[in-house]
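In what follows, a single structure is set out as structure tokens and then discussed.
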Amino acid sequence: MISWRKHYKQTLIAIGLLLSTSASIYGQDGDPKNGEKLFKANCTACHALDKQIIGPPLKGIVAKVQDEEGLGTDWLHKWIKDNKALRESGDKYANKIFEDYNKTEMQQFPNLSDKDIDDILAYTTNPPAPEPEVAAAPAAPETGGAATDKTTANIVIISLLAIAGLLVWILIKLRQLVTLGQSEDLAGLNATRVRSFSEIYQKYHYVGKGLLAILAILATYGIWNWIMWIGVYKGYKPEQPIHFSHKIHAGENKIDCQLCHSSAKYGKVSEIPSMNVCMNCHRSISEYTGKYMEPGKDKAFYDGEIQKIYAATGWDSEKQQYTGKTQPVEWTRIHNMPDFVYFNHSQHVVAGEQAIISSFNKKNPNDKIDVVCKACHGKVDTMNVVQMANDFTMGWCIECHRTTEIDMNNGYNKEYFKNLHDKLKKQYPKDGGKITVDAIGGLECGKCHY
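Our numbering puts the first residue of the sequence shown at 7, with every later residue one more than the last.
Put into structure tokens, the structure is as follows:
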């Protein structure tokens, strides 16, 4: 009896130790909700729970490490905090992972505490169910809708009745004319009637010539106005082969314009970014997880567009490698300067940045900009489909040169215009001697035309 009780007590102790060890091994000591936040902040660039991105999927990683190598969470702590040191120590499993994933070195996270890592492991073991989204309240019916429809119907009915009345009146008049034509009174009228167009012209030739002159002037103006607007495509916004929402990238995610359009700052032309620039981010972003959705579009649409990027670059997201089979993308050009016009982006983006922003904000106090690009291209960070925001005519450029004040206090201008500064102030005394771009050659033909 004593022996049985002794073994029973030992068995309970062993079961308790096993359960506590299992709980620790499988990440139950952490907080999955806090782990989810830490995972999204630190891990999602290279990992997902259910699929391989740059690194392996991490769902159930604690159990996997335990089952495959018999290692516990202490090994995972060492790997996450400093995997390089763990590999250099000769750890076989650490070096095996490094070899299996093309010797891609994982980022080190010495800033994460043991509690943080436990929370992340708890999240990978038991991810909390996503909180149900609150359904949007049904839109309230618009007041006055029925009354508006009724009013419109009444207007249509009244208009039809008016037209019917007019037709009846015309028929009555025509009947009277027919009756008149059958009477003797018509002979007297025929005697006084003008019989040809030449007689009308001779009688009213001054009026006719005046009308012809007016018509000629109007026709000339119409043709001239039509010619002047050839090549002006303000508002042009074509759909592209791969949908790219600047509102999502530049607006929601605050990506700097020059991260993609780098040559706008250092070159004459602002190039269309290559697909490799897209892959800098989308190599690890294979699906859309943002909250913002364009009207009529959903997550599946955005995920499909990301797949188009992969097809264009030949990226296999499952194997995490390039296949070498690419598909060139035929982008539709929006902004295109004529060949006879010289325009240097870097000159405006670098030398003219502060002057252009300051001038624009003075002229548009209720619609200020923070990036020089917006002065010409509009608020691109609010556009789902990029459009031509301005005329880009010669007159539009000249007006900007006439109103944009030069910063004569910056180092370059202060030194370059050292001897001309006083002369220019006297020559251009407007606005208290402020100097605009036209004062330093901004209106010279050769500056913009070859």
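Think of the CB as a built atom: it goes at the ideal place given N, C-alpha and C, for glycine as much as any other residue.
Quiz item: If we call anything under 7 angstroms between Cβ atoms a contact, is Asp444 one with Gln360?
Solution: In this structure, Gln360 does not lie closer than 7 angstroms to Asp444 by Cβ.
Quiz item: Can we say the segment 161–179 touches the segment 84–92, given the rule of at least three CB pairs closer than 8 angstroms?
Solution: Short answer: they don't touch.
Self-check item: Enclosing alpha helix (DSSP H) for Glu421 [first to last residue]
Solution: Glu421 -> alpha helix (DSSP H) spans Gly417 to Tyr422.
Quiz item: CB Ile60 to CB Ser292, shorter than 7 angstroms?
Solution: Going by C-beta atoms, Ile60 is not nearer than 7 angstroms to Ser292.
Self-check item: Nearest residue (CA-CA) to Asn415, options Asp373, Pro371, Gln433 and Gly358
Solution: Of the listed residues, the one whose Cα sits closest to Asn415 is Gly358.
Exercise. Could you pull the start and end residues of the alpha helix (DSSP H) that Phe46 belongs to?
Key: For the record, residue 46 in the displayed sequence is Lys; it is not Phe. That run of the alpha helix (DSSP H) goes Pro38 to Asn48.
Exercise. May I ask which residues mark the beginning and end of the alpha helix (DSSP H) holding Leu414?
Key: It should be noted that the sequence gives Met, not Leu, for residue 414. Taken as a continuous stretch (DSSP letters only), Met414 belongs to no alpha helix (DSSP H), as it is neither H nor E.
Quiz item: If we count the other Cβ atoms within 10 Å of its Cβ and call it buried at 16 or more, is Ile441 buried or exposed?
Solution: Ile441 is buried by the Cβ-count criterion.
Quiz item: Helix, strand or coil for Asp444 per DSSP?
Solution: Of the three classes helix, strand and coil, the one that applies to Asp444 here is helix, per DSSP.
Practice problem: Please name the residue in Ala47, Asp428 and Val238 whose C-alpha comes closest to that of Pro344. | Solution: Ranking the options by Cα distance to Pro344, first place goes to Val238.
Quiz item: From Gln208 to Lys215, what does the alpha carbon distance come to, in whole angstroms?
Solution: Distance between the alpha carbons of Gln208 and Lys215 is about 11 angstroms.
Practice problem: Give the DSSP-derived three-state secondary structure of Gln313 in the structure shown. | Solution: DSSP places Gln313 within a helical segment (H, G or I) once states are collapsed to three.
Quiz item: How long is the line joining the alpha carbons of Gln313 and His354, rounded to whole angstroms?
Solution: Rounded to the nearest whole angstrom, the C-alpha separation of Gln313 and His354 is 36 angstroms.
Quiz item: Can you list, in chain order, the residues of its chain whose CB lies under 6 angstroms from that of His211, leaving out five sequence neighbours each side?
Solution: Excluding residues within five positions, none has a Cβ falling inside 6 angstroms.
Practice problem: If I'm right that Asn40 touches Phe115 with Cβ under 8 angstroms, what's the distance once you round it to whole angstroms? | Solution: In fact, because the Cβ distance is near 15 angstroms, the residues do not count as touching under 8 angstroms.
Quiz item: Are the beta-carbon atoms of Ile340 and Met394 separated by less than 7 angstroms?
Solution: Contact flag set, yes.
Exercise. Starting from the C-beta of Gly448, find all residues in its chain whose C-beta is less than 6 angstroms away, skip the five residues before and the five after it, and write them out in chain order.
Key: Scanning its chain for C-beta atoms nearer than 6 angstroms, with the 5 sequence neighbours on each side dropped, one finds around Gly448 the residues His407, in chain order.
Quiz item: Exposed or buried, what is Pro244 when buried is set at 16 or more other beta-carbons lying within 10 Å of its beta-carbon?
Solution: Exposed, by the Cβ-count rule.
Practice problem: Quick one: grab the DSSP three-state call for Val392. | Solution: Val392 falls in the coil class under three-state DSSP.
Quiz item: How about Asn419: is its C-beta nearer than 7 angstroms to some C-beta of chain B?
Solution: Absent from the structure is chain B; it holds one protein chain and no more.
Quiz prompt | Exposed unless 16 or more other CB atoms sit within 10 angstroms - verdict on Leu127 | solution = It is buried - the Cβ of Leu127 has at least 16 other Cβ atoms within 10 Å.
Practice problem: Would you mind reading off the limits of the alpha helix (DSSP H) that contains Ile363? | Solution: From DSSP, the alpha helix (DSSP H) with Ile363 extends over Glu359 to Lys369.
Quiz prompt | Val238, DSSP secondary structure in three states | solution = Three-state result, Val238: coil.
Exercise. Determine the DSSP secondary structure at Tyr298, reduced to helix, strand or coil.
Key: Correct three-state label for Tyr298: coil.
Quiz prompt | Nearest to His252 (by Cα), restricted to the options Ala222, Glu300, Leu221 and Ala270 | solution = The residue from Ala222, Glu300, Leu221 and Ala270 with its alpha-carbon nearest to that of His252 is Glu300.
Quiz item: DSSP state of Tyr212, grouped into three classes?
Solution: Shown here, Tyr212 sits in a helix according to DSSP, grouped into three states.
Practice problem: With a 10 Å radius around its C-beta and 16 neighbouring C-beta atoms as the bar for buried, classify Tyr308 as buried or exposed. | Solution: Flag for Tyr308 reads buried.
Quiz item: Residues in its own chain within less than 8 angstroms of Tyr456 by CB, not counting five upstream and five downstream?
Solution: Correct list, in chain order: Phe346 and Tyr348.
Quiz item: For Gln327, which of Asn108, Phe423, Glu75 and Lys43 has the nearest alpha-carbon?
Solution: Selected option, being the one with the closest Cα: Asn108.
Quiz item: Where His263 and Leu218 are concerned, what is the direct C-alpha to C-alpha distance, given to the nearest angstrom?
Solution: The question names His, yet the displayed sequence has Cys at residue 263. Distance from the CA of Cys263 to the CA of Leu218, rounded to the nearest whole angstrom, comes to 55 angstroms.
Quiz item: With a CB to CB cut of under 7 angstroms and the five nearest residues on each side skipped, what residues in its chain are close to Ile278?
Solution: Excluding positions up to five away in sequence, the list reads Trp337.
Quiz item: So Asn396 and Cys382 are in contact, right, with Cβ under 8 angstroms, and what is the actual spacing, rounded?
Solution: Contact flag correct, Cβ pair sits at about 6 angstroms.
Quiz item: Going by the CB atoms, is the gap between Asp124 and Leu44 shorter than 7 angstroms?
Solution: Not in contact: Leu44 and Asp124 (Cβ atoms no closer than 7 angstroms).
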